[in-house]
Amino acid sequence: MFSCRQIYDLITEYDEGSLETADRRRFEAHVVICPPCRGFLSQMRATREHLGHGSPPEFPAELEDSIVSAFQAWKKQQR
Numbered sequence: 600m601f602s603c604r605q606i607y608d609l610i611t612e613y614d615e616g617s618l619e620t621a622d623r624r625r626f627e628a629h630v631v632i633c634p635p636c637r638g639f640l641s642q643m644r645a646t647r648e649h650l651g652h653g654s655p656p657e658f659p660a661e662l663e664d665s666i667v668s669a670f671q672a673w674k675k676q677q678r
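Heads up: take any position in the sequence shown, counting from 1, add 599, and you land on this note's numbering.
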């Protein structure tokens, strides 16, 4: 069975379905008996669900140009 730290490290892979079968079973065995990890998984899923409903923000082209120009000016100063 995995530790809480291992659950934390593997939670995204688990939720995306990319864990191998044996690891998925070990993950699930831990989450069944560990309320904090079960809560963490539930909260992560709720957050993903909430964030998944929006579109990424759109920025005006001028903003991108301004950022690129500022970066290039900064880069020149670093030389």
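Built from N, CA and C at the ideal position, the CB exists for glycine as well.
Count the CB pairs spanning the segment 631-645 and the segment 655-673 that are closer than 8 Å, and state whether there are at least three.
no
Name the two residues that bound the continuous alpha helix (DSSP H) containing C636.
Counted from its first residue, the sequence shown places residue 636 at position 37. Run containing C636: P634 to G651, per the alpha helix (DSSP H) assignment.
Give me the Cβ distance between F601 and H629, rounded to the nearest whole Å; I'm assuming they're in contact under 8 Å.
On the sequence shown, position 2 is the one that residue 601 refers to. On the sequence shown, position 30 is the one that residue 629 refers to. With a Cβ gap of about 5 Å, F601 and H629 count as contacting.
Given a cut-off of 8 Å on the beta-carbon distance, is the pair M643 and I606 in contact?
Position 44 of the sequence shown holds residue 643. Position 7 of the sequence shown holds residue 606. Not a contact, by the Cβ cut-off of 8 Å.
For R678, report the span of its alpha helix (DSSP H) as first-last.
By 1-based counting over the sequence shown, the position of residue 678 is 79. Taken as a continuous stretch (DSSP letters only), R678 belongs to no alpha helix (DSSP H), as it is neither H nor E.
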